[in-house]
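Protein chains in written order, with the working numbering: chain A, 3 to 220; chain B, 3 to 220. Ideal Cβ positions, reconstructed from N, Cα and C, are used throughout, including at glycine.
There are 2 protein chains.
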Amino acid sequence: MREIAINIKAQNKPGVLRDITDMMAKCGVNITYTYHFTEDVKSASIYMELEYVDNVDKFIENIRNFREVKSVDIYHSMGEIYGKRIIIIGGGAQVAMVAQGAITESDRHNIRGERISVDTIPLVGEEELAEAAAAVGRLPRVEALVLAGSLMGGKIAQAIDEIKKDHDVLVISLNMPGSVTEKADLVVTDPVQAGVMAVMAVADTAIFDVKKLGRKKF
Amino acid sequence: MREIAINIKAQNKPGVLRDITDMMAKCGVNITYTYHFTEDVKSASIYMELEYVDNVDKFIENIRNFREVKSVDIYHSMGEIYGKRIIIIGGGAQVAMVAQGAITESDRHNIRGERISVDTIPLVGEEELAEAAAAVGRLPRVEALVLAGSLMGGKIAQAIDEIKKDHDVLVISLNMPGSVTEKADLVVTDPVQAGVMAVMAVADTAIFDVKKLGRKKF
């Protein structure tokens, strides 16, 4: 399966992008990701990741033939550039320490050709944290979620159930009071180690399988 | 303008999502973001952010009426949940220190109701760094890019020109050898301070305007 990423710059007129996506659908091309941004009153850009493009040159030519299209550029996909994502959510002090471990460890894997990103948001409040945790299931390329706090339960624990139902995301929790430690795949006391383990668990260049650990609390 | 985010779970059949997006276009709804994922052989989900939805209840009802649609859920948008993004790219040791500053500072703003995320990738190599820096222009919600390295120039400096041409992204560079310091809006020697300043510059709850600083190197 040939995957490509393109950015189309076109006149900012209604219907232009719909006509282009219609053409793509007719060619049997599958659009897996789009992000549309207005550059100014006259121009809009759409970034797209596509599957099942048979003849790339012909396909790009077809897009360029639309009168309203100004340019089409081909790129590597976000998966190829930024790779797998580790998401860290929680209180600032602990998010920063988990990030320290995760960034340092992903450096060691990325240097050997992998691509692992470490994305974070410090947040407070059960509702806010639960919403951010659940939304991880709607983000592209997420492989692991680390809950970096000192008290998490209730709706945050429910959010883990919600993600787990539909997505294959590893959940690591710091050792803390609250029911998230029961829901997590792995519970780690040291925040730096939690970050390192999250990366080890998703890296192809590491031999680390959470399922084979024998116990889940460290 | 009413913005909404929805997740549609539907049978994984060709044409289903195209029919739904056709209906949206006919209603004058603008799709700003989509992310499509296959859950299993039978089901697919599409997450969408939409503008210009006049009657939300009626609109959701219209989607539910498609025979292949299993469920439609409404969410806050990624902008409302994860907010503005600071992207940090460079060598592991320095990315981790900049992240330390940025996460700690964004904690202070998020606690007052803002949403600022700190997203990172440690990488090596001029080509790799240049590609990751340029791709920042194709990521949603990015407000600032921090270049956290010890030697960056050439294609990485060109990538900054490329982003700046089309996007309103603040570029902060650590003080280092290489031409990126000439292209950056701000050059900071201390990595923790570079992270803090990146967040201050994009936060609504901070009074910090890079343009008013008088000099750009600290």
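C-alpha distance - residue i paired with residue j, whole-angstrom precision
i	j	result
glycine 115/B	alanine 205/B	11 Å
alanine 137/A	isoleucine 123/B	21 Å
leucine 172/B	valine 190/A	36 Å
alanine 203/B	glycine 85/B	14 Å
aspartate 192/B	valine 100/B	8 Å
glycine 81/A	alanine 7/A	10 Å
threonine 262/A	glycine 139/B	The requested residue 262/A does not occur in the structure, where chain A is confined to residues 3 to 220.
aspartate 109/A	threonine 183/A	28 Å
aspartate 24/A	isoleucine 65/A	11 Å
isoleucine 165/A	glutamate 130/B	32 Å
valine 74/B	aspartate 168/A	15 Å
lysine 214/B	isoleucine 174/B	15 Å
aspartate 170/A	arginine 117/B	26 Å
alanine 134/B	glutamate 128/A	34 Å
arginine 143/B	threonine 207/A	31 Å
arginine 20/A	methionine 26/A	10 Å
lysine 98/B	arginine 69/B	It is worth fixing the name first, because residue 98/B is alanine in this sequence and not lysine. About 49 Å.
valine 58/A	isoleucine 83/A	20 Å
valine 43/B	aspartate 121/A	30 Å
leucine 141/A	leucine 149/A	16 Å
glutamate 63/A	lysine 219/A	56 Å
arginine 217/B	arginine 217/A	55 Å
Interface residues of chain A facing residue i [CB-CB closer than 9 Å]
i	result
aspartate 109/B	Gly93, Gly94, Ala95, Val97, Ala98, Pro124, Leu125 and Val126
glutamine 102/B	Ala98, Met99, Ala101 and Gln102
threonine 191/B	What threonine 191/B touches in chain A: nothing, since even the nearest Cβ is about 20 Å away.
threonine 207/B	Near threonine 207/B there are no residues of chain A at all, since even the closest Cβ is about 14 Å away, more than 9 Å.
isoleucine 10/B	Simply none; closest approach about 11 Å.
Contact list for residue i against chain B, beta-carbon separation under 9 Å
i	result
asparagine 64/A	Neighbours of asparagine 64/A on chain B: none; closest Cβ ~17 Å, over 9 Å.
methionine 80/A	Ala137, Arg140 and Leu141
asparagine 177/A	Going along chain B, no residue has its Cβ under 9 Å from asparagine 177/A, so there is no contact; the nearest lies around 20 Å.
Closest residue to residue i among the options (Cα-Cα distance)
i	options	result
phenylalanine 61/B	Val31/B, Asp211/B and Ser47/B	Val31/B
valine 194/B	Glu107/B, Lys214/B and Asn64/B	Glu107/B
glutamate 51/A	His38/B, Tyr54/B, Val55/B and Asn57/B	His38/B
glycine 93/B	Leu215/A, His111/A and Val74/A	His111/A
proline 16/B	Ser45/A, Thr36/A, Ile6/A and Tyr54/A	Tyr54/A
asparagine 67/A	Glu130/A, Thr34/A, Arg140/A and Lys11/A	Lys11/A
asparagine 14/B	Val71/B, Asp121/B and Met26/B	Val71/B
valine 18/A	Glu130/A, Ser47/A and Asp42/A	Ser47/A
lysine 28/A	Ile174/A, Val43/A, Asp56/A and Lys44/A	Asp56/A
asparagine 9/B	Tyr77/B, Leu141/B and Lys218/B	Tyr77/B
Beta-carbon proximity of residue i to residue j, cut-off 9 Å
i	j	result
lysine 185/A	isoleucine 209/A	no
valine 212/B	leucine 188/B	yes
isoleucine 22/B	glycine 197/B	no
serine 221/A	isoleucine 88/A	Since the displayed chain A opens at 3 and closes at 220, residue 221/A lies outside it and no answer follows.
valine 126/B	isoleucine 113/A	yes
Under 7 Å from the C-beta of residue i: neighbouring residues of chain B
i	result
arginine 20/A	Ala27
aspartate 168/A	Glu41
Whole-number beta carbon distance between residue j and residue i, since they are thought to touch under 8 Å
i	j	result
leucine 153/B	glycine 180/B	5 Å
serine 79/B	glutamate 5/B	6 Å
alanine 200/B	alanine 104/B	6 Å
threonine 36/A	tyrosine 49/A	7 Å
methionine 178/B	glycine 151/B	6 Å
alanine 132/B	glutamine 160/B	7 Å
Beta-carbon neighbours of residue i, restricted to chain A and to distances below 8 Å
i	result
aspartate 121/B	Ser119, Val120, Asp121 and Thr122
Amino acids of chain A, ordered along the chain, whose beta-carbon sits closer than 7 Å to that of residue i
i	result
glutamate 133/B	His78 and Ile83
isoleucine 165/B	Going along chain A, no residue has its Cβ under 7 Å from isoleucine 165/B, so there is no contact; the nearest lies around 13 Å.
threonine 34/B	His38
Contacts of residue i in chain B (Cβ-Cβ under 8 Å)
i	result
asparagine 14/A	Going along chain B, no residue has its Cβ under 8 Å from asparagine 14/A, so there is no contact; the nearest lies around 11 Å.
isoleucine 105/A	Gly94, Val97, Ala98, Ala101, Thr122 and Pro124
Any non-hydrogen atom of the ligand SAH closer than 8 Å to residue i Cβ
i	result
threonine 207/A	Ligands in the displayed structure: none, and consequently the ligand SAH is not present.
Which residues, in order along the segment 41-56 of chain B, keep a beta-carbon less than 7 Å from a beta-carbon of chain C? Judged by its chain identifiers, the structure shown contains no chain C, and its protein chains are A and B.
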